[in-house]
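> Position in the sequence shown (from 1) plus 504 gives the number in this note's numbering. Beta carbons are placed, not taken as given, at the ideal position from N, Cα and C, and that holds for glycine.
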Amino acid sequence: MNHTSNYNLCQFEETDRVRRTDFNEDNAKIDAAVKAVDRRVDGLEASKADKTALAAVEGKISRIVTGTYAGTGGSSGVRRISLPGRPKLVLIRTDYPNTSHHDEAIAITDICLCRCHTYHSLSVDPPTSGYALENNGFTVPANCDQNYSGSTQHYMAII
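(1) Per DSSP, what kind of secondary structure is S579 in: helix, strand or coil?
(2) My assumption, with CB atoms under 8 angstroms, is that T598 sits in contact with S653. Please give the rounded CB distance.
(3) Is the beta carbon of A661 closer than 7 angstroms to that of L587?
(4) Rounded to a whole number of angstroms, what is the C-alpha to C-alpha distance between L617 and E638?
(5) So, is Q650 buried or exposed, given that buried needs 16 or more other C-beta atoms within 10 angstroms?
(6) Quick one: Cα of I670 to Cα of D546, how far?
(7) If I measure Cβ to Cβ from D520 and keep anything under 6 angstroms in the same chain, skipping five residues before and after, which residues do I get?
(8) Please report the straight-line C-alpha distance between R583 and D614, rounded to a whole angstrom.
(9) Using the three-state DSSP reduction, which class does L558 fall into: helix, strand or coil?
(10) DSSP on E608, reduced to helix/strand/coil?
(11) Using the DSSP secondary-structure output, state which residues sit across from Q657 in a beta bridge.
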């Protein structure tokens, strides 16, 4: 009697005596081999599902981006700051060099613009004041505190 090269299964020839135990042993080998393949497939499917779930979660996690820009001032000096995506919130802190201006911080969202001055006043304005959140950044209007010529603006954006 000959045997297969991979799983050593019986290959009967015309003159071989056929025994039930040969079939039972071969069936056990086949069953074990199929089960091993099932386990590998299950592991690959779980790994693929894990990667798919991770990719879905990564797309929902917000990122924080920080940076600075220099104010340009003037009536035509609109500043556009590029970011790696559309921000949900932008915070800007203004430092005025060598002036008597009070420092100020603002928060920009699609819903409102909030200003907080160092002398403890707070104002909330509609989002139509020239500040804008865009698909890949935000815009600061000309002639505003966050675009004061010579000033350094520190921002933090949640994307």
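In terms of the structure at hand:
(1) Here residue 579 refers to the residue found at position 75 when the sequence shown is read from its first residue. In the three-state DSSP reduction, S579 falls in the coil class, being neither helix nor strand.
(2) Taking the sequence shown and counting its residues from 1, the one referred to as residue 598 is at position 94. Taking the sequence shown and counting its residues from 1, the one referred to as residue 653 is at position 149. Actually they do not touch by this definition, with Cβ atoms about 12 angstroms apart.
(3) Within the sequence shown, residue 587 is the residue found at index 83, counting from 1. Within the sequence shown, residue 661 is the residue found at index 157, counting from 1. In contact: L587 and A661 (Cβ atoms closer than 7 angstroms).
(4) Taking the first residue of the sequence shown as position 1, residue 617 is located at position 113. Taking the first residue of the sequence shown as position 1, residue 638 is located at position 134. Roughly 15 angstroms between the two C-alpha positions.
(5) Your numbering for residue 650 matches position 146 in the sequence shown. Classification of Q650: buried, given that the 10 Å Cβ count is 16 or more.
(6) Residue 670 falls outside the range modelled here, since the chain spans only 505 to 663, and no answer is possible.
(7) Residue 520 sits at position 16 when you count from the first residue of the sequence shown. Once the five neighbours on either side are set aside, the close Cβ partners of D520 are M505.
(8) Along the sequence shown, one-based indexing puts residue 583 at 79. Along the sequence shown, one-based indexing puts residue 614 at 110. For R583 and D614, the distance between alpha carbons rounds to 18 angstroms.
(9) For the purposes of this step, residue 558 is taken as the residue at position 54 of the sequence shown. Of the three classes helix, strand and coil, the one that applies to L558 here is helix, per DSSP.
(10) Numbered from 1 along the sequence shown, position 104 holds the residue referred to as residue 608. Note: E608 maps to strand in three-state DSSP.
(11) Residue numbering aside, residue 657 sits at position 153 when the sequence shown is read from its first letter. Partner(s): Y573 and T598.
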